[in-house]
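Asker:
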Amino acid sequence: MKCFSKKHEYEGLLIVIEGTDGSGKSTQLELLKRFLQAQSYGVMVSEWKTSRLIAGVIDEAKDRNLLNATTYSLLYASDFADRLENVIIPALKSGFVVLLDRYYYTALARDVVRGQDIGWVKNLYEYAPEPDLVFYLDMPVDILLKRIIGTTGLDFYESGRDMGFSTDFYKSFQIYQQKCLDEYDNMKSEYGFISIDGTKSITEIAEIMQAEVQTILDSGVID
Amino acid sequence: MTKINEKHNLKGTLVCVEGIDGAGKSTQLTLLRDWLRAAGQDVIYTEWNSSDLISQTTKLAKKKNLLSPRTFSLLHAVDFADRYKQIIAPALKAGFIVLADRYAYTAFARDAARGVDRNWVRKIYNFSVKPDLAIYLDINPKISMGRICSNRAPKFYEAGMDLKLSPDPYESYTIFQGRVINEYQKMVSEYGLIQIDATDSIHSKQTAIREKLHGILAGKGVVL
């Protein structure tokens, strides 16, 4: 079965920004949103793990270390399904440009690193529409580490501490994020990511993304 | 072939009882539990939608009618996965008799009745093992409704009101649970569920279940 290749037939556009933590996704999302709004397009933003149904449960369960690899996968899949049905699809139907901070590629990378069978994870998300564009912000792990330490600090799950890779926080983060990067690398060509060097300046990255989006807009997919 | 189709090699014994509400599952399991404990067996009892992780969230979401067929399915899978990994699997490894009030088959029946793709749901649950004994208590929707709704109307999701089958909750219950039963009946051959008529007496059902379990335990060298 070919997975993750269901073209949607809605009026709107589905644009995804992927990348590991600290790769600059939210900054770029905000810039892209302003770029589109300046051209009078309706924009809807949805971030990973923000469903009204389940996001709070995930945060609490993570705080209390209650998750195993299977419940971790399934909770995120529940969050995704709720947002897809209640936010993303309705917006696409109404002709919005939907900008997503992470999509099922994130689940695929993280869950596989946590030891889940890749076919099992794909099945969880196979019903979801394929994005029109996927930008991937590619960052080497040492720069990621510096960024994360300088901003939010090393989180338990972001460091993959639940996996027991290493008792050393720094080492654990390095191993976990490197494994995630490897998974993203595997997906790049399979899913046609537009891979952008995340070490470029904010403006440079924004310009690359805007040019790609403009090409699609100019083709007249949205009136 | 997935785990749920294959005989497991764990030390313990897994028994589940399936059927729609009002079929008498918990009555039968309670009797079974007390009998097994009295016979000196180590028994663990686990119920559908009771995990610490998620059951309260699911109950609240149901109360507010927030669930689609897909999120309904996924949240119950979270509950099951949590109990499976924390309770069922460790207990089976340690040699317990695990009594499950509903198992993956509940999800297969209900979710399919809600129009969720059968294979999609079955794949989600393929981390779980096949029970040593899976009892299905067969009851028709009218009798089930008479038993559970003697003093209240059917609840939104148990009546399948989310599917808009009928504006009348009683009628909707009958149609929806009819679909669930249909799914269960198909699983009798698909998964080898042991079908028992739920309108038989409590005693006769219990006798039938004990007889089956006796044989299974004897096969594992456990003599009661």
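Those protein sequences? They're chains A and B, same order as listed. Residue numbering for the first sequence follows this note's numbering, beginning at 0 and increasing consecutively. Residue numbering for the second sequence follows this note's numbering, beginning at 521 and increasing consecutively. For each residue, glycine too, the CB sits at the ideal point set by N, CA and C.
Do you know whose CA, among B:L685, B:I607, B:R590 and B:G539, lies nearest Q715 (chain B)'s CA?
Answerer: Taking the second sequence and counting its residues from 1, one reaches residue 715 (chain B) at position 195. Answer by Cα proximity: B:G539.
Asker: In terms of alpha-carbon separation, which member of B:L619, B:F616, B:K643 and B:P687 lies closest to F628 (chain B)?
Answerer: On the second sequence, residue 628 (chain B) is found 108 positions in, with the first residue counted as 1. Residue B:K643 is the option with its Cα nearest to F628 (chain B).
Asker: What does Y43 (chain A) pair with, by DSSP beta-bridge criteria?
Answerer: The residue you call residue 43 (chain A) lines up with position 44 of the first sequence. Contrary to the premise, residue 43 (chain A) reads as Met rather than Tyr in this sequence. Beta-bridge pairing links M43 (chain A) to A:V97.
Asker: Could you have a look at Q715 (chain B) and say whether DSSP puts it in helix, strand or coil?
Answerer: Position 195 of the second sequence, counted from the start, is the residue given in the question as residue 715 (chain B). Note: Q715 (chain B) maps to strand in three-state DSSP.
Asker: DSSP three-state label for F600 (chain B), please.
Answerer: Looking up residue 600 (chain B) in the second sequence gives position 80. Of the three classes helix, strand and coil, the one that applies to F600 (chain B) here is helix, per DSSP.
Asker: Going by DSSP, what residues sit across from A6 (chain A) in a beta bridge?
Answerer: Counting from 1 along the first sequence, the entry for residue 6 (chain A) is found at position 7. Reading off the sequence, residue 6 (chain A) comes out as Lys, not Ala. BP columns for K6 (chain A) point to A:E129.
Asker: May I have the straight-line CA-CA distance separating S4 (chain A) from L123 (chain A), to the nearest angstrom?
Answerer: Your numbering for residue 4 (chain A) matches position 5 in the first sequence. Your numbering for residue 123 (chain A) matches position 124 in the first sequence. So the alpha carbons of these two residues sit roughly 14 Å apart.
Asker: Going by DSSP, what residues sit across from F134 (chain A) in a beta bridge?
Answerer: In the first sequence, residue 134 (chain A) corresponds to position 135, counting from 1. BP columns for F134 (chain A) point to A:I16 and A:I193.
Asker: Measure from the C-beta of L534 (chain B) to each C-beta in chain A and report whether the shortest distance is under 8 Å.
Answerer: To locate residue 534 (chain B), count along the second sequence from 1; it is residue 14. Answer no: the Cβ-Cβ gap between L534 (chain B) and chain A never drops below 8 Å.
Asker: Report yes if the CB atom of I659 (chain B) is closer than 8 Å to the CB atom of I729 (chain B), and no otherwise.
Answerer: One-based indexing of the second sequence puts residue 659 (chain B) at position 139. One-based indexing of the second sequence puts residue 729 (chain B) at position 209. No, the Cβ-Cβ distance between I659 (chain B) and I729 (chain B) is not below 8 Å.
Asker: Would T566 (chain B) count as contacting chain A if we go by Cβ distances under 8 Å?
Answerer: Mapped onto the second sequence, residue 566 (chain B) falls at position 46. For T566 (chain B), the answer is no, since every Cβ of chain A falls outside 8 Å of its Cβ.
Asker: Going along chain A, which residues have a C-beta under 8 Å from K605 (chain B)?
Answerer: As a first step, residue 605 (chain B) is located in the second sequence; it is residue number 85 there, counting from the start. Near K605 (chain B) (Cβ distances below 8 Å), the residues of chain A are N67, T69 and T70.
Asker: Could you say if the segment 661–679 of chain B and the segment 690–706 of chain B meet the contact criterion of at least three C-beta pairs nearer than 8 Å?
Answerer: As far as the Cβ criterion goes, the segment 661–679 of chain B touches the segment 690–706 of chain B, which means the pair count is three or higher.
Asker: Quick check: the Cα distance between P128 (chain A) and Y104 (chain A), rounded to an integer number of angstroms?
Answerer: Residue 128 (chain A) sits at position 129 when you count from the first residue of the first sequence. Residue 104 (chain A) sits at position 105 when you count from the first residue of the first sequence. Approximately 12 Å, taken between the alpha carbons.
Asker: List the DSSP bridge partners of E567 (chain B).
Answerer: As a working note, residue 567 (chain B) is residue 47 in the second sequence. DSSP lists B:D621 as partners of E567 (chain B).
Asker: Please report the distance separating the alpha-carbon of F192 (chain A) from that of I736 (chain B).
Answerer: Indexing the first sequence from 1 puts residue 192 (chain A) at position 193. Indexing the second sequence from 1 puts residue 736 (chain B) at position 216. When rounded, the distance between both Cα atoms is 54 Å.
Asker: Measuring alpha carbon to alpha carbon, tell me which residue in B:W555, B:I608 and B:L552 is nearest W568 (chain B).
Answerer: As a first step, residue 568 (chain B) is located in the second sequence; it is residue number 48 there, counting from the start. The residue with the shortest Cα to Cα distance from W568 (chain B) is B:I608.
Asker: Under three-state DSSP, which class holds T745 (chain B)?
Answerer: Limits of chain B in this structure are 521 at one end and 744 at the other, which puts residue 745 (chain B) out of reach.
Asker: Within 8 Å (strictly less), CB to CB, does V15 (chain A) reach chain B?
Answerer: Here residue 15 (chain A) refers to the residue found at position 16 of the first sequence. No, no contact with chain B.
Asker: Quick one: does I701 (chain B) have its CB under 8 Å from some CB of chain A?
Answerer: Here the question's residue 701 (chain B) lines up with position 181 in the second sequence. No, I701 (chain B) lies away from the interface with chain A (no Cβ there is under 8 Å from its Cβ).
Asker: Residue range of the beta strand (DSSP E) that I654 (chain B) falls in?
Answerer: Counted from its first residue, the second sequence places residue 654 (chain B) at position 134. Per the sequence presented here, residue 654 (chain B) reads as Ala, with Ile not at that position. Counting along the chain, the beta strand (DSSP E) containing A654 (chain B) begins and ends at L653 to D658.
Asker: Are the CB atoms of Q27 (chain A) and I16 (chain A) nearer to each other than 8 Å?
Answerer: As a position in the first sequence, residue 27 (chain A) is number 28, starting the count at 1. As a position in the first sequence, residue 16 (chain A) is number 17, starting the count at 1. Taking 8 Å as the Cβ cut-off, Q27 (chain A) and I16 (chain A) qualify as a contacting pair.
Asker: Excluding the 5 residues preceding and the 5 following V212 (chain A) in the sequence, name in chain order all residues of the same chain whose CB lies nearer than 6 Å to its CB.
Answerer: Residue numbering aside, residue 212 (chain A) sits at position 213 when the first sequence is read from its first letter. Correct list: empty, nothing qualifies.
Asker: Starting from the Cα of L65 (chain A), find the closest Cα among A:I87, A:S77 and A:F155 and give me that residue.
Answerer: The residue labelled residue 65 (chain A) in the question sits at position 66 within the first sequence. That would be A:F155, whose Cα lies nearest to the Cα of L65 (chain A).
Asker: Can you list, in chain order, the residues of its chain whose CB lies under 8 Å from that of G197 (chain A), leaving out five sequence neighbours each side?
Answerer: Working through the first sequence from its first residue, we reach residue 197 (chain A) at position 198. Within the same chain, G197 (chain A) has close Cβ partners G18, S22, G23, L136, D137, M138, I142 and I204.
Asker: Flag V598 (chain B) as yes if its beta-carbon sits less than 8 Å from any beta-carbon of chain A, otherwise no.
Answerer: The residue you call residue 598 (chain B) lines up with position 78 of the second sequence. So, interface residue.
Asker: Taking S72 (chain A) as part of the alpha helix (DSSP H), name the residues at either end of that continuous run.
Answerer: Mapped onto the first sequence, residue 72 (chain A) falls at position 73. Run containing S72 (chain A): A68 to R82, per the alpha helix (DSSP H) assignment.
Asker: Between which two residues does the alpha helix (DSSP H) carrying G149 (chain A) extend?
Answerer: As a position in the first sequence, residue 149 (chain A) is number 150, starting the count at 1. That run of the alpha helix (DSSP H) goes V140 to G149.
Asker: Tell me which residue opens and which closes the alpha helix (DSSP H) that F34 (chain A) is part of.
Answerer: The residue labelled residue 34 (chain A) in the question sits at position 35 within the first sequence. Counting along the chain, the alpha helix (DSSP H) containing F34 (chain A) begins and ends at K24 to A37.
Asker: Judging by CA-CA distance, which residue of A:L52, A:S72 and A:D217 is the nearest neighbour of L580 (chain B)?
Answerer: As a first step, residue 580 (chain B) must be located in the second sequence, where it is residue number 60. The candidate whose alpha carbon is nearest that of L580 (chain B) is A:L52.
Asker: Is the beta carbon of V140 (chain A) closer than 8 Å to that of Q173 (chain A)?
Answerer: Along the first sequence, one-based indexing puts residue 173 (chain A) at 174. Along the first sequence, one-based indexing puts residue 140 (chain A) at 141. Contact flag set, yes.
Asker: Select from B:S721, B:L657 and B:Q548 the residue whose C-alpha is nearest the C-alpha of L713 (chain B).
Answerer: Translated into the one-based positions of the second sequence, residue 713 (chain B) becomes position 193. The option with the nearest alpha carbon to L713 (chain B) is B:L657.
Asker: If we count Cβ pairs, one from each stretch, closer than 8 Å, do we get three or more for the segment 83–95 of chain A versus the segment 616–628 of chain B?
Answerer: Verdict: no, contact absent.
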